[in-house]
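Visitor: Quick one: the structure is below, and I'll ask about it shortly.
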Amino acid sequence: MFSQRWHYALAFVAGLGVVSASLAGLAAALIYPNLPSLDSLTDYKPKIPLRIYSSDGALLAEFGEERRAFMPIGQVPKLMQQAIIAAEDERFYEHGGVDTLGVLRAAGANILSGGASQGASTITMQVARNFFLTRERTLTRKFSEALLAIKIEHNLPKDKILELYINQIYLGQRAYGFEAAARTYFGKTLGDLSVAEIAMLAGLPKGPSLYNPVVNPMRATARQHYVLARMRKLDFIDEPTYQKALKEKLVVRRERRVVDVPADYAAEMVRLNLVQQYGEEQLYNSGYKVVTTIRRAHQEAANTALWRGVMDYDDRHGYRGPEKSLRLPPAGEARDTLIRDTLRSLHTINGLVPAVVLAANTKSLTAVLPDGKRVEVSGASLRLAAAWLDAKAKSGKRIYPGAVVRLRQNKDGSWKISQLPQIEAALVAVDPHTGAITALVGGFDFGRNKFNHVTQAWRQPGSSFKPFIYSAALEKGYTPASVIDDAPLSLTAEEAGGTPWEPQNYDGTFSGPVRMRTALTRSLNLVSIRILEGIGPHYARDYIKRFGFDPSRHPPYLTMALGAGSVTPLQLAGAYAVFANTGYRVAPYLIEKVYDSSGKLLMESRPQTVTSGAPRVLDARNAFLMSSMMQDAARRGTAARVSQLGRTDLAGKTGTTNDQRDGWFAGYSPDLVAVSWIGFDQPKSLGPGETGAASALPIWIDFMGRALARTPQKPFAPPEGVVAATIDPATGELVPEDASGITEYFYQENLPQQQSPFADMFQIFPKTHPINEVQ
């Protein structure tokens with residue numbers, strides 16, 4: 005009887021198996037012909053973002069929905085392949101798409117654990133799911149996935165399947181594929197990863213969010229250790245390597261930026277230009293590569309110089325108080341949650357890290373950072389906000405527990421109290437021979453303010469515009485030795501373009517008759533106005549067109565002599581390039597070449613350069629005389645601080661507008677032009693003493709010091725048609741050649757014809773007297 009029951013049971017089970025197999029076979033017969041085509045696998049074209057590079061290969065920016073970097077299987081390190089197989093599918097090279105043994109093993113484990121603790125998806129099944137299917141948890145989807153995996157195995161070799169998996173799988177932080185993940189999490193390529201880093205990445209496919217080392221470091225480490233153990237069990241690594249990898253402390257990049265050098269404003273200029281040509285869909289997903297004119301060393305120098313200049317200005321003007329104040333509950337989970345949520349809502353801006361104060365007194369401050377770390381600020385690092393720590397500080401302004409502040413790190417790793425600056429700044433550098441933009445920073449932080457001050461900020465240039473008026477005067481017969489009276493001046497409303505005007509020099513003094521060279525060196529306003537009056541505002545307005553200025557932005561009034569029109573920093577850099585390159589007009593440009601994903605050249609810039617087609621717009625003699633006069637400005641004039649660079653091949657001019665609303669410095673060597681600007685977006689005074697020399701010039705000096713660090717000096721050489729003569733510094737007239745006096749340069753045809761009435765006095769001094777130099 006018992007035996008008969010067993011026979012019935014076995015017969016029932018066997019019959020059920022036959023029916024199930026028949027139904028599965030029928031389902032397969034119905035589903036298999038309708039499975040999707042494998043064209044997208046055999047002709048795999050991943051969505052690769054637009055990448056923008058410097059001229060020397062540094063990644064500046066990426067634009068696209070997904071971070072990808074396709075890598076052929078032959079270039080994927082063998083250990084990376086083995087780690088993936090160890091973690092996801094150890095029988096990958098043995099099964100035919102569906103691992104029957106794996107299914108049985110997972111089923112057994114799940115029965116024993118009483119739940120679905122293990123899955124049995126092979127790498128091929130994951131490829132099928134990622135390319136063709138949804139993630140819905142239904143039997144039909146799972147069955148289709150298995151059939152599609154078998155179809156893939158019948159049509160593609162194993163290495164191709166693994167290549168598709170390695171490049172397509174999502175691994176968190178917007179990174180698709182293991183090469184993109186290596187760059188995102190570790191800032192490295194796959195070939196540069198350690199065994200511990202490889203294992204960390206190999207653990208991500210199971211749960212890109214759950215095992216993300218940025219947001220879940222403990223779970224990520226546990227998963228990494230599991231992968232390492234699997235690699236050791238399968239003999240992919242030996243015991244010493246395994247132990248070393250377990251002990252290795254990984255440094256994970258917390259910021260999402262994966263570029264080599266930040267150049268957000270330049271990259272945005274490139275993006276906007278190319279979107280018009282190719283459209284967003286094609287541009288962001290087709291793997292285009294753009295090579296720009298940016299030089300890595302110049303861009304890094306510009307980033308550093310602008311950051312320092314802005315922070316130094318901000319520090320000079322005092323602390324404005326905490327960003328906000330939290331009402332902290334007692335120590336515990338509620339307080340920790342409030343602090344964590346607050347800091348997550350704030351972003352680190354250009355190295356300025358948000359922090360919540362936990363304790364504060366006049367001598368020290370303890371704060372917690374976004375990563376949960378507690379830091380102490382004391383001594384000189386607390387000086388900026390010392391007054392706000394005093395018990396007498398205004399209510400609501402005082403720094404106390406719960407205050408949200410900004411900290412920045414010192415070179416030694418300690419922390420210093422800081423704040424988000426309100427001031428903006430810009431810096432652009434141009435090769436004067438080609439027009440290539442080698443560095444561009446359009447503001448303090450692109451994420452905070454996307455307005456590009458290099459190209460979009462039309463501001464009054466102040467005295468940095470004077471050289472163009474002086475250049476026009478040279479064409480009208482003036483010379484650097486021409487004497488003009490620095491004396492009080494009253495202008496009518498018609499002459500000033502609005503209301504009557506009594507202009508002043510910056511220091512409010514008058515020097516009497518001075519030579520044109522001295523007037524430019526000292527930036528004497530009244531002399532500049534008299535020069536413009538002498539040559540005529542309408543002539544000057546027409547003349548400046550040769551430098552690339554828009555005449556409509558420079559009304560033909562005598563105020564133009566002091567830079568009352570409007571320019572952008574990029575426009576001013578292009579104009580100063582004419583002086584630097586001895587008289588040629590070159591157009592600043594940023595995009596050098598554009599390639600598609602296969603490396604085919606789609607576009608190449610062919611600029612008009614000094615040696616290939618750039619028009620001459622200025623007499624070389626004029627350019628030399630202007631450079632000579634601006635060298636004096638950089639040696640002993642308003643820009644005398646330039647001399648700290650220890651070079652003799654630098655020239656330039658400061659600029660300060662009314663009420664110190666804008667600070668400028670435009671300067672150059674024979675091979676590099678740079679313009680720095682500083683000011684508020686809503687124009688207001690920079691503050692007492694904040695001239696171009698005080699606020700913009702330090703940025704320029706910092707940049708040029710780094711950019712020219714390994715560049716030999718190259719003097720401005722006088723061209724043919726320029727002669728040197730000894731003159732009386734008081735009258736600008738000639739003195740005997742063997743007499744003392746100063747040396748001055750002239751157009752040959754404009755050499756003074758009259759000797760100074762004081763010429764005999766100069767015979768008293770020997771020719772080597774210190775007065776004998778160009779002044």
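The end of the sequence shown is residue 779 by the numbering used here, with every number in the run present. Every residue, glycine too, gets a C-beta built ideally from N, C-alpha and C.
Candidates 500, 509, 690: which alpha carbon is nearest residue 491's?
Guide: Residue numbering aside, residue 491 sits at position 487 when the sequence shown is read from its first letter. Nearest C-alpha to residue 491: 509.
Visitor: Within 10 angstroms of its Cβ, does residue 276 collect 16 or more other Cβ (buried), or is it exposed?
Guide: Numbered from 1 along the sequence shown, position 272 holds the residue referred to as residue 276. Burial call: exposed.
Visitor: Classify residue 456: buried if its beta carbon has 16 or more other beta carbons within 10 angstroms, exposed otherwise.
Guide: In the sequence shown, the residue the question calls residue 456 occupies position 452. Buried, by the Cβ-count rule.
Visitor: Just list the alpha helix (DSSP H) runs in the region 233-297, keeping only unbroken ones of 4 residues or longer that don't cross its boundaries, in chain order.
Guide: Complete alpha helix (DSSP H) runs here, min 4: 243-251, 268-282, 284-289.
Visitor: Considering Cα atoms alone, identify which of 128, 610, 685, 75 is closest to residue 158.
Guide: One-based indexing of the sequence shown puts residue 158 at position 154. Cα-wise, what sits closest to residue 158 is 128.
Visitor: Taking the DSSP output, what are the residues bridged to residue 682?
Guide: Locating residue 682 in the sequence shown gives position 678, counting from the first residue. In DSSP, residue 682 forms a bridge with 429, 667.
Visitor: How about the region 606-626 and the region 669-680: do they share at least three Cβ pairs that are nearer than 8 Å?
Guide: Contact between the region 606-626 and the region 669-680 is absent, because fewer than three Cβ pairs lie under 8 Å.
Visitor: What residues are listed by DSSP as bridge partners for residue 474?
Guide: Sequence index remark: in the sequence shown, residue 474 carries index 470 (1-based). Looking at the DSSP assignment, residue 474 forms no beta bridge with any residue, so it has no partner.
Visitor: Please list, in chain order, all residues of the same chain as residue 312 whose beta carbon is under 8 Å from its beta carbon, the five residues on each side excluded.
Guide: As a position in the sequence shown, residue 312 is number 308, starting the count at 1. Correct list, in chain order: 702, 703, 706.
Visitor: What are the start and end residues of the alpha helix (DSSP H) that includes residue 86?
Guide: Mapped onto the sequence shown, residue 86 falls at position 82. Counting along the chain, the alpha helix (DSSP H) containing residue 86 begins and ends at 82-92.
Visitor: Which residues in the same chain as residue 454 place their Cβ atom closer than 6 Å to its Cβ, once the five residues preceding and following it in sequence are excluded?
Guide: By one-based count along the sequence shown, residue 454 stands at place 450. If we look at residue 454 and ignore the five residues flanking it on each side, it has no Cβ neighbours.
Visitor: Using a 10 Å radius around the Cβ and a threshold of 16 neighbouring Cβ atoms, would you call residue 719 buried or exposed?
Guide: In the sequence shown, counting from the first residue as 1, residue 719 sits at position 715. The residue in question, residue 719, is exposed, as its Cβ has fewer than 16 Cβ neighbours within 10 Å.
Visitor: Within the same chain, show all residues whose beta-carbon is closer than 7 Å to that of residue 674, passing over the 5 residues directly before and after it, in chain order.
Guide: Numbered from 1 along the sequence shown, position 670 holds the residue referred to as residue 674. If we look at residue 674 and ignore the five residues flanking it on each side, its Cβ neighbours are 584, 653, 718, 720.
Visitor: Say whether the region 535-545 touches the region 425-438, bearing in mind that this needs 3 or more beta-carbon pairs closer than 8 Å, one atom from each stretch.
Guide: No: the two stretches stay apart, fewer than three of their Cβ pairs being nearer than 8 Å.
Visitor: Is residue 412 helix, strand or coil by DSSP?
Guide: For the purposes of this step, residue 412 is taken as residue 408 along the sequence shown, with counting starting at 1. Strand.
Visitor: How many angstroms separate the CA atom of residue 267 from the CA atom of residue 309?
Guide: By one-based count along the sequence shown, residue 267 stands at place 263. By one-based count along the sequence shown, residue 309 stands at place 305. Spanning the two alpha carbons is a distance of roughly 14 Å.
Visitor: With a floor of 4 residues, list each alpha helix (DSSP H) that falls wholly inside the region 148-180, ordered by position along the chain.
Guide: DSSP runs (the alpha helix (DSSP H)) wholly in the region 148-180: 162-172.
Visitor: Among residues of its own chain, excluding the 5 on either side of residue 684, which ones have a beta-carbon nearer than 8 Å to its beta-carbon?
Guide: Within the sequence shown, numbered from 1, the residue matching residue 684 stands at position 680. So the qualifying residues of the chain are 426, 427, 428, 665, 690.
Visitor: Leaving out five residues before and five after residue 99 in sequence, what residues of the same chain have Cβ atoms less than 7 Å from its Cβ?
Guide: For this step, residue 99 is matched to residue 95 along the sequence shown. Once the five neighbours on either side are set aside, the close Cβ partners of residue 99 are 126.
Visitor: Checking the sheet assignment: what are the DSSP bridge partners for residue 593?
Guide: Locating residue 593 in the sequence shown gives position 589, where the first residue counts as 1. 440, per the DSSP bridge assignment.
Visitor: Classify residue 354 as buried or exposed, calling it buried when 16 or more other Cβ atoms lie within 10 Å of its own Cβ.
Guide: Your numbering for residue 354 matches position 350 in the sequence shown. The residue in question, residue 354, is buried, as its Cβ has 16 or more Cβ neighbours within 10 Å.
Visitor: Please look up how many angstroms separate the CB atoms of residue 726 and residue 640, rounded, as I've assumed it's under 8 Å.
Guide: Your numbering for residue 726 matches position 722 in the sequence shown. Your numbering for residue 640 matches position 636 in the sequence shown. No, residue 726 and residue 640 are not in contact; Cβ-Cβ is about 22 Å, not under 8 Å.
Visitor: Rounding to the nearest angstrom, what Cα-Cα distance links residue 694 and residue 662 in this structure?
Guide: By one-based count along the sequence shown, residue 694 stands at place 690. By one-based count along the sequence shown, residue 662 stands at place 658. Residue 694 and residue 662: Cα-Cα distance of roughly 11 Å.
Visitor: With 16 as the cutoff for other CB atoms within 10 Å, does residue 459 come out buried or exposed?
Guide: The sequence position of residue 459 within the sequence shown is 455, counting from 1. Burial call: buried.
Visitor: Counting only the same chain and skipping the five closest in sequence on each side, list residues whose C-beta sits under 6 Å from that of residue 180.
Guide: Counting from 1 along the sequence shown, the entry for residue 180 is found at position 176. Correct list, in chain order: 70, 72, 174.
Visitor: Taking C-beta to C-beta, are residue 62 and residue 265 nearer than 7 Å?
Guide: Numbered from 1 along the sequence shown, position 58 holds the residue referred to as residue 62. Numbered from 1 along the sequence shown, position 261 holds the residue referred to as residue 265. Yes.
Visitor: At which residues does the beta strand (DSSP E) containing residue 462 begin and terminate?
Guide: Taking the sequence shown and counting its residues from 1, the one referred to as residue 462 is at position 458. No beta strand (DSSP E) contains residue 462, which DSSP labels as neither H nor E.
Visitor: Are at least three pairs of beta-carbons, each pair with one atom in the region 149-164 and one in the region 186-195, less than 8 Å apart?
Guide: No: fewer than three Cβ pairs fall under 8 Å.
Visitor: Pick from 478, 254, 511: whose alpha carbon is nearest that of residue 752?
Guide: Residue mapping note: residue 752 aligns to position 748 of the sequence shown, counting from 1. The shortest Cα separation from residue 752 among 478, 254, 511 belongs to 478.
Visitor: Within 10 angstroms of the Cβ of residue 414, are there 16 or more other Cβ atoms? Answer buried if so, exposed if not.
Guide: On the sequence shown, position 410 is the one that residue 414 refers to. So residue 414 counts as exposed.
Visitor: According to DSSP, what are the bridge partners of residue 434?
Guide: The residue labelled residue 434 in the question sits at position 430 within the sequence shown. 441, 677.
Visitor: What do you get for residue 318, buried or exposed, if any count of 16 or more other CB atoms within 10 angstroms of its CB means buried?
Guide: As a working note, residue 318 is residue 314 in the sequence shown. The residue is buried, with at least 16 neighbouring Cβ atoms inside 10 Å.
Visitor: Pull up the DSSP beta-bridge partners for residue 57, would you.
Guide: Within the sequence shown, residue 57 is the residue found at index 53, counting from 1. The partner list for residue 57 (beta bridge, DSSP) reads 63, 295.
Visitor: Taking Cβ to Cβ, would you say residue 219 is nearer than 7 Å to residue 256?
Guide: To locate residue 219, count along the sequence shown from 1; it is residue 215. To locate residue 256, count along the sequence shown from 1; it is residue 252. No. Outside cutoff.
Visitor: For residue 517, which residues in the same chain have their Cβ closer than 6 Å to its Cβ, ignoring the five residues on either side in sequence?
Guide: Position 513 of the sequence shown, counting from 1, holds the residue named residue 517. Answer for residue 517: 487, 489, listed in chain order.
Visitor: Let me know if residue 97 comes out buried or exposed under the rule of 16 or more other beta-carbons within 10 Å of its beta-carbon.
Guide: The count along the sequence shown starts at 1 and reaches residue 97 at position 93. Residue 97 is exposed by the Cβ-count criterion.
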